[in-house]
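Residue 48 in this note's numbering sits at position 54 of the sequence shown, with consecutive numbering throughout.
Virtual Cβ for every residue (Gly too), placed ideally from N, Cα, C.
None of these values were measured; they are calculated from a predicted model.
Take a look at the structure below.
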Amino acid sequence: MYPLLGISLVMWLLIIERSIFLGRLHRKNMTIKQAIEHLGANTFPNPKQHHGVIFLLVTRFLEKKSGNKPLDQFILDESVIAINLRLNDHLATIGVMVAIAPLFGLLGTVTGMIETFDVLAIFGTGNSKAMAGGISEALITTQTGLLMAVPGLYMKNFLTRRASNLQHTTATAGMYLRRHLKE
């Protein structure tokens, strides 16, 4: 039961961290037009007004900008890739924990049934209270594993969709900004 609780705690901490991170990048996003204006003026956007992925892309690009157009296009592409990779952090780990939770529940089922058979071997079928303890352990761990996995799977899919949408936004903004750099 304790490994299940540990996995659940770590999984939900990662889910909360990803929800906050992706939610912050989803809100207060700057438009592509504003991004092009900042690139043209070579000014950093105000962090109090914007927090989104386009803001992150423009800021990262302006920090590394060289002034050489072909090199700047490469730097912009690298910035898009780096941001898109960062959006997927911990999503695979959450998926693994979702998959492991029912397996740990089944492990608890096996240990509970072993305990039940030990009671049967010692007392026979006459001690139903001792048998019920093993069966109870078996059922509770299975239920706990499933109760962890189902909401975890939902949240993992939700976060994956949100990260995918933000990756699309970043790639689109990168494409428009790259066109602007060619001019």
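Rounded distance between the beta-carbons of residue j and residue i, thought under 8 angstroms
i    : j    : result
A86  : A143 : Contact flag wrong, Cβ pair sits at about 16 angstroms.
V90  : L147 : At roughly 12 angstroms, the Cβ-Cβ gap does not stay under 8 angstroms, so V90 and L147 are not in contact.
A220 : I26  : Residue 220 lies beyond the residue range present for the chain, which begins at -5 and ends at 177; the question has no answer from this structure.
F38  : L56  : 6 angstroms
Residues of its chain near residue i, where Cβ-Cβ distance is below 6 angstroms and the 5 sequence neighbours each way are ignored
i    : result
G102 : T135
L81  : A157, L160 and Q161
S2   : M142
R54  : S73
Neighbourhood of residue i by C-beta, 7 angstroms cutoff - its chain only, sequence neighbours within 5 removed
i    : result
V47  : L19, N23, I77, L160, T163 and T164
L33  : V52, L171 and H174
D66  : K59, S60 and L175
A124 : V113 and F117
G128 : G106, M107, E109, T110 and V113
V4   : M91
N121 : V113
Pick from the options that is closest to residue i, judged by C-alpha positions
i     : options                   : result
K200  : P64, D83 and T138         : The displayed coordinates of the chain run from -5 to 177. Any statement about residue 200 would go beyond what the structure contains.
G17   : A167, V104, T105 and T154 : T154
M169  : K59, Y(-4) and I75        : I75
I108  : S130, V90, A93 and M149   : S130
E31   : I14, K42, F49 and R21     : F49
T138  : L56, D71, E11 and L100    : L100
R178  : H44, N121 and K123        : Because residue 178 is not part of the residues shown, which for the chain are -5 to 177, the question remains open.
S13   : P39, D83, T37 and V113    : D83
M(-5) : G106, P145 and T119       : G106
L70   : V104, A29, F152 and A115  : A29
Close Cβ partners of residue i (< 8 angstroms) along its chain, the five nearest in sequence each way excluded
i     : result
K150  : I9, L85, I88, G89 and V92
L140  : A95, P96 and G99
L(-2) : A95, F98, G99, G102, T135, T138, G139 and M142
G0    : none
E11   : H84
Note down, one range per segment and in chain order, each beta strand (DSSP E) of at least 3 residues found wholly within the region 93 to 132.
none
Unbroken alpha helix (DSSP H) runs of length 4 or more, entirely within the region 19 to 99: which are they?
26 to 35, 47 to 58 and 63 to 81
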